[in-house]
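So that you can map any letter, position 163 of the sequence shown is 163 in the UniProt record's numbering, and since no number is skipped, the others follow by simple counting. Glycine included, each C-beta is placed from N, C-alpha and C at the ideal position. First the structure, in the form of structure tokens, and then the observations on it.
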Amino acid sequence: MRRYLQKKALRRVTYTTLIWENKVDFITPVYPDTEAHFPFSPSERPVGSSGFRRTVRAPWNSSIMVNPSRRRKHSTKTHSAKSLPENDCDDGTQMERRVPGTKTKMMKMKGLDGESAEAYNRMMKMFLAETVETGVAKLAKEFNETRAASLKTQIPRTAFDANMDKNRYKDVICGEEGRVALHWPPGNSNDYVHANWVPVRGERKYICTQGPMEKTVEDFWRLVWQEKCKIIMMLCGVMETGKKKCEQYWPAKEGESITSGQLKLTNTKIVEHEKNMVYTSLEVCHQGEVLKVEHIHWNGWPDRGVPENHLASFRLMRKATTIPILVHCSAGIGRTGTIVGLDICQKMLSAGERVNMHEIVKELRKTRHGSVQTDVQFLYMHRVMFAIAENRRPKNDLFGSDHHEGGLSDVLQGIRRVYQVQGRLNSSSRAS
Numbered sequence: 001m002r003r004y005l006q007k008k009a010l011r012r013v014t015y016t017t018l019i020w021e022n023k024v025d026f027i028t029p030v031y032p033d034t035e036a037h038f039p040f041s042p043s044e045r046p047v048g049s050s051g052f053r054r055t056v057r058a059p060w061n062s063s064i065m066v067n068p069s070r071r072r073k074h075s076t077k078t079h080s081a082k083s084l085p086e087n088d089c090d091d092g093t094q095m096e097r098r099v100p101g102t103k104t105k106m107m108k109m110k111g112l113d114g115e116s117a118e119a120y121n122r123m124m125k126m127f128l129a130e131t132v133e134t135g136v137a138k139l140a141k142e143f144n145e146t147r148a149a150s151l152k153t154q155i156p157r158t159a160f161d162a163n164m165d166k167n168r169y170k171d172v173i174c175g176e177e178g179r180v181a182l183h184w185p186p187g188n189s190n191d192y193v194h195a196n197w198v199p200v201r202g203e204r205k206y207i208c209t210q211g212p213m214e215k216t217v218e219d220f221w222r223l224v225w226q227e228k229c230k231i232i233m234m235l236c237g238v239m240e241t242g243k244k245k246c247e248q249y250w251p252a253k254e255g256e257s258i259t260s261g262q263l264k265l266t267n268t269k270i271v272e273h274e275k276n277m278v279y280t281s282l283e284v285c286h287q288g289e290v291l292k293v294e295h296i297h298w299n300g301w302p303d304r305g306v307p308e309n310h311l312a313s314f315r316l317m318r319k320a321t322t323i324p325i326l327v328h329c330s331a332g333i334g335r336t337g338t339i340v341g342l343d344i345c346q347k348m349l350s351a352g353e354r355v356n357m358h359e360i361v362k363e364l365r366k367t368r369h370g371s372v373q374t375d376v377q378f379l380y381m382h383r384v385m386f387a388i389a390e391n392r393r394p395k396n397d398l399f400g401s402d403h404h405e406g407g408l409s410d411v412l413q414g415i416r417r418v419y420q421v422q423g424r425l426n427s428s429s430r431a432s
């Protein structure tokens, strides 16, 4: 009878992620940007979930061993987004996942080695420790105080007031500081477009703008051509919750061409890399001259909210290699400010500088008024940095046991609770 029970138990051996409080090293997760990935409690451990590293967990009798010759061999192939099993989690991270049993791919920071990498890790550890010490409630409170003070600040807005018909939202101000003035084509009397330069470490790297309106599409493309923007990041949908958030300003179908003012726009190729990311290659032509533009459309970011995917922002930032980069959502301050703020944060860490998110938001708002609209977007910036740190660390590098057993867990759970509350409010929001 005992042998029968042992055999029966073997047939019921479960495969699960072995992440215990102090029993194994904390491994790099395969689902790095989902809500439940860190830390796991015993009741939350997924059983038989595709995509997790599978480790045999013995039943109640620890002397029971599995015959190695009878183990199922793991595949060493990778899956594309379209070849994943139907029951797999479809959260926009498919292109980075690997089949169970294979080595998880670590995030790598471009251009970091030796002393630079050490400085980055040192500053990242400091940022994590300070965030844990501050706590979610205080972070949100301080942000709301900063936002309230910023909104009371009077800023020069002459061009904004003179062109109200070209502003999508009357309360989203395009200030004079850093405003992009249009001077192409020569002889055009109106230089206004709702857009501002945002410098990153001294470079005029980003242009933050509102989503084009029907009457401002031509101005938008004038801006792209004038500043030779080779990357456009679109962080909103054309329609959201039944409301128009942005004009369809580019040719949507492959091979299609449209005309905007003196420019001819052609869609040369569409590549869908992930669930919510669409990459489109465009050619902008004027009198024989061609400007090649990469249009990156992230349509999985809810209005005034945050996406479920925490590392998609990082992957998007890694695409930002050719400056200047034009970024827009609907109003050009919420989602747009969040992405730009994250990139500023990354540049500071790479330079070995201490990061303070409040100071970053304050600097952003000097040139793009109202950047980072909500406390949940502000907390999302912290959450993305946690995900980046977690994915680039060795097993015992950036996350010490004192962080992931206590305070860090509290911060992650607190951010998740704020997400849930904010998610119920998103339906009534309008600009982002």
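Name the two residues that bound the continuous beta strand (DSSP E) containing residue i.
i: Val-290; result: 289-298
i: Glu-363; result: Per DSSP, Glu-363 belongs to no beta strand (DSSP E); it is in the alpha helix (DSSP H), 357-367.
i: Ile-258; result: 257-260
i: Ala-195; result: 195-200
i: Leu-263; result: 263-272
i: Leu-182; result: Unbroken run through Leu-182: none, as it is neither H nor E.
i: Met-213; result: No beta strand (DSSP E) holds Met-213; DSSP gives it neither H nor E.
i: Ile-173; result: Here Ile-173 belongs to no beta strand (DSSP E), and DSSP marks it neither H nor E.
i: Ile-231; result: 231-234
Kindly give me the distance between the Cβ atoms of residue i and residue j, rounded to whole angstroms, as I take these residues to be in contact under 8 Å.
i: Leu-282; j: His-297; result: That belief does not hold up - the Cβ atoms of Leu-282 and His-297 are roughly 11 Å apart, past 8 Å.
i: Ala-320; j: Ile-231; result: 6 Å
i: Glu-256; j: Lys-269; result: Actually they do not touch by this definition, with Cβ atoms about 12 Å apart.
i: Thr-209; j: Gly-332; result: 5 Å
i: Lys-362; j: Arg-201; result: With 8 Å as the limit, Lys-362 and Arg-201 do not qualify as a contact, their Cβ atoms being about 16 Å apart.
Which same chain residues end up closer than 7 Å to residue i when comparing Cβ atoms and leaving out the 5 residues on each side of it in sequence?
i: Pro-185; result: Gln-262
i: Gln-377; result: Val-306, Gly-334, Thr-338
i: Ser-49; result: With a pLDDT of 35 at Ser-49, under the threshold of 50, the predicted position of this residue should be treated as unreliable, and no value is reported.
i: Arg-72; result: Since pLDDT at Arg-72 reaches only 47, below the 50 mark, its modelled position is unreliable, and the value read off the structure follows with that caveat. None.
i: Leu-349; result: Tyr-120, Met-123, Met-124, Val-355
i: Glu-203; result: Ile-323
Under a Cβ-count criterion, where at least 16 other Cβ atoms within 10 Å of its own Cβ denotes burial, should residue i be classed as buried or exposed?
i: Lys-141; result: exposed
i: Asp-165; result: exposed
i: Cys-345; result: buried
i: Ala-389; result: buried
i: Lys-245; result: buried
i: Arg-315; result: buried
i: Asn-276; result: buried
i: Lys-205; result: buried
i: Ile-415; result: buried
i: Gln-154; result: exposed
i: Ala-387; result: buried
i: Asp-219; result: buried
i: Met-233; result: buried
i: Thr-280; result: buried
i: Asn-167; result: buried
i: Glu-240; result: buried
i: His-194; result: buried
i: Pro-199; result: exposed
Leaving out the 5 sequence neighbours to the left and right, which residues in its chain are closer than 6 Å to residue i when beta-carbon positions are compared?
i: Gly-178; result: Asn-196, Trp-197, Thr-367
i: Ala-159; result: Tyr-192
i: Trp-221; result: Ser-260, Leu-263
i: Gln-248; result: Val-238
i: Glu-272; result: Val-278
i: Gln-413; result: none
Over the uninterrupted alpha helix (DSSP H) stretch that includes residue i, give me the two end residues.
i: Trp-221; result: 217-227
i: Tyr-120; result: 115-134
i: Cys-345; result: 334-350
i: Thr-158; result: 158-162
i: Ser-281; result: No alpha helix (DSSP H) contains Ser-281, which is instead part of the beta strand (DSSP E) from 277-286.
i: Arg-204; result: Per DSSP, Arg-204 belongs to no alpha helix (DSSP H); it is in the beta strand (DSSP E), 203-209.
i: Leu-326; result: Leu-326 -> not in any alpha helix (DSSP H); beta strand (DSSP E) instead, spanning 325-328.
i: Arg-315; result: 312-318
Taking the alpha carbon of residue i as the reference point, which residue from the options has its own alpha carbon closest?
i: Asp-375; options: Val-340, Asn-276, Val-136; result: Val-136
i: Arg-383; options: His-328, Asn-309, His-369, Thr-322; result: Asn-309
i: Gln-341; options: His-358, Ala-351, Ile-173, Ser-350; result: Residue 341 is actually Gly in this sequence, not Gln. Comparing Cα positions, the closest option is His-358.
i: His-286; options: Thr-266, Val-411, Arg-168; result: Thr-266
i: Leu-128; options: His-369, Val-327, Val-355, Ser-371; result: Val-355
i: Arg-365; options: Lys-152, Lys-125, Met-124, Thr-268; result: Lys-152
i: Gly-370; options: Asn-121, Ala-148, Ser-313; result: Ala-148
i: Val-224; options: Thr-241, Val-290, Glu-353; result: Val-290
i: Met-381; options: Thr-131, Glu-203, His-194; result: Thr-131
i: Asn-190; options: Thr-216, Val-172, Val-200, Ile-173; result: Thr-216
i: Val-418; options: Ala-117, Glu-118, Leu-139, Ser-116; result: Leu-139
i: Met-317; options: Gly-332, Gly-288, Ile-173, Asp-343; result: Asp-343
i: Lys-292; options: Cys-229, Pro-251, Val-200; result: Cys-229
i: Glu-176; options: Pro-156, Asp-161, His-183; result: Pro-156
Residues in the same chain with beta-carbon distance under 8 Å from residue i, minus the five sequence neighbours each way, listed in chain order, please.
i: Glu-227; result: Val-180, Ile-207, Pro-324, Leu-326
i: Cys-236; result: Gly-211, Lys-245, Cys-246, Asn-299, Trp-301, Asp-303, His-328, Cys-329, Ser-330, Arg-335, Ser-432
i: Lys-170; result: Met-164
i: Lys-82; result: Reliability fails at Lys-82, whose pLDDT of 35 lies under 50, so the model's placement of it is uncertain and the value that follows must be treated cautiously. Counting only Cβ-Cβ distances below 8 Å, and skipping sequence neighbours, we find nothing.
Any chance the CB of residue i is under 7 Å from a heavy atom of the ligand COA?
i: Gln-248; result: By its list of ligands, the structure shown contains no ligand whatsoever, and the ligand COA lies outside what it can speak to.
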